[in-house]
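Student:
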Amino acid sequence: VYWKEKSANINFFDVKGIMEEILEELRISKAKFTESDESFYQPGQAADVLCKKIKLGSFGKLDTKIAAEFDIEQDFFAFDLDLENVFQAAGFADPLFEAIPRYPAVLRDLSFVVSNEHHYEDLVKMIFSANPKIIRKVELFDEYKGKNIKSGFRSLTFSIMFNSDTKTLTDDVINKILQNIKKRLEIEFNIEMR
């Protein structure tokens with residue numbers, strides 16, 4: 093992925109979002125992201141894309157040594173796809189049809205500081221597991237490292253979509269789920285709320 097404007101600050105999650113859009117356009121709905129060990133990406137800044145245990149590709153931040161060989165001075169993110177595997181996965185994908193929800197969805201944001209040693213996927217899985225019937229979507233939309241954040245930590249902000257098939261969700265119900273999520277994140281990942 094290439095951006096001409098120097099002011100565009102992109103990160104791992106921007107590239108992940110692009111990859112998710114590509115998969116969605118190809119109607120590949122069962123893809124999973126796992127940490128990648130590809131040598132040309134920086135460790136902890138790369139992911140493999142799998143569908144039914146078949147590797148479709150990978151993406152991440154180019155390793156600094158490789159970037160230096162090509163005189164690339166800024167962060168450089170890339171992705172690669174195995175088109176044969178992608179086309180095979182697209183041929184077996186379920187159609188992207190979802191009934192329109194009868195009850196309104198509710199969005200809430202959750203911000204906290206967490207150690208760099210904890211992976212994004214583990215945090216998302218834990219959030220979903222708090223109430224998988226009501227939590228429909230979890231998206232990371234902000235990551236910050238720097239001023240006012242301890243070294244070795246990062247601030248993350250997630251947007252969580254709640255929706256029920258059987259009723260309109262009240263603030264009380266959503267707040268109880270959020271409190272449960274916060275407690276579990278504090279216990280399992282030692283997070284600090286922001």
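FYI, the numbering for the sequence shown is 93 to 286, going by our numbering.
Here a beta-carbon is modelled for each residue, glycine too, at the ideal position from N, C-alpha and C.
Kindly indicate which three-state DSSP category Ser-221 falls into: helix, strand or coil?
Tutor: Here Ser-221 sits in helix by DSSP.
Student: Ile-279: beta carbon under 6 Å from a heavy atom of the ligand PLP?
Tutor: The ligand PLP is absent from the structure shown, which contains no ligand whatsoever.
Student: Assuming Gln-271 is part of the alpha helix (DSSP H), what are its boundary residues?
Tutor: Counting along the chain, the alpha helix (DSSP H) containing Gln-271 begins and ends at 263-281.
Student: I'd like to confirm the pairing. Which residues does DSSP put opposite Arg-119 in its beta bridges?
Tutor: In DSSP, Arg-119 forms no bridge with anything.
Student: Taking 8 Å as the threshold, find out whether the region 198-209 comes into contact with the region 162-173 through three or more Cβ pairs.
Tutor: Not touching, per the Cβ criterion.
Student: Going by DSSP, what residue range makes up the alpha helix (DSSP H) through Ala-181?
Tutor: Run containing Ala-181: 175-183, per the alpha helix (DSSP H) assignment.
Student: Cβ atoms of Ala-138 and Gly-149: under 7 Å apart, would you say?
Tutor: Not in contact: Gly-149 and Ala-138 (Cβ atoms no closer than 7 Å).
Student: In chain order, what residues of the same chain lie with their CB nearer than 7 Å to the CB of Leu-277, ignoring the 5 residues before and after it?
Tutor: If we look at Leu-277 and ignore the five residues flanking it on each side, its Cβ neighbours are Phe-204, Met-218 and Ile-283.
Student: If I measure Cβ to Cβ from Lys-108 and keep anything under 8 Å in the same chain, skipping five residues before and after, which residues do I get?
Tutor: So the qualifying residues of the chain are Phe-125, Ala-139 and Phe-151.
Student: Starting from the N-terminal side, write out each stretch of the beta strand (DSSP E) that is 3 residues or longer and does not extend beyond the region 108-176.
Tutor: Entirely contained in the region 108-176, the beta strand (DSSP E) runs reaching 3 residues are, in chain order, 123-127, 133-143, 146-154 and 169-173.
Student: Which first and last residues belong to the beta strand (DSSP E) in which Lys-229 is found?
Tutor: Element bounds for Lys-229: 227-236.
Student: Taking Asp-155 as the reference, which of Val-265, Phe-104, Gln-180 and Pro-224 has the closest Cα?
Tutor: Nearest option by C-alpha distance: Phe-104.
Student: Give me the DSSP bridge partner(s) of Val-216.
Tutor: Paired residues: none, contrary to the question.
Student: So, for Ser-128: in the same chain, excluding its five sequence neighbours on each side, which residues have a beta-carbon less than 7 Å away from its beta-carbon?
Tutor: Contacts found: Ala-138, Ala-139, Asp-140, Ser-150 and Gly-152.
Student: Which two residues bound the contiguous beta strand (DSSP E) that contains Arg-246?
Tutor: Run containing Arg-246: 245-254, per the beta strand (DSSP E) assignment.
Student: With distance defined between alpha-carbon atoms, name the residue in Glu-161, Lys-225, Gly-244 and Phe-250 nearest to Leu-202.
Tutor: When each option's Cα is compared against that of Leu-202, the closest is Phe-250.
Student: Using the C-alpha atoms, what's the distance from Asp-163 back to Gln-271?
Tutor: Whole-angstrom Cα-Cα distance: 48 Å.
Student: Select from Leu-142, Ser-131, Glu-161 and Asn-101 the residue whose C-alpha is nearest the C-alpha of Met-111.
Tutor: For Met-111, the nearest C-alpha among the options comes from Leu-142.
Student: Give the DSSP-derived three-state secondary structure of Asp-201 in the structure shown.
Tutor: Residue state, collapsed to three classes: strand.
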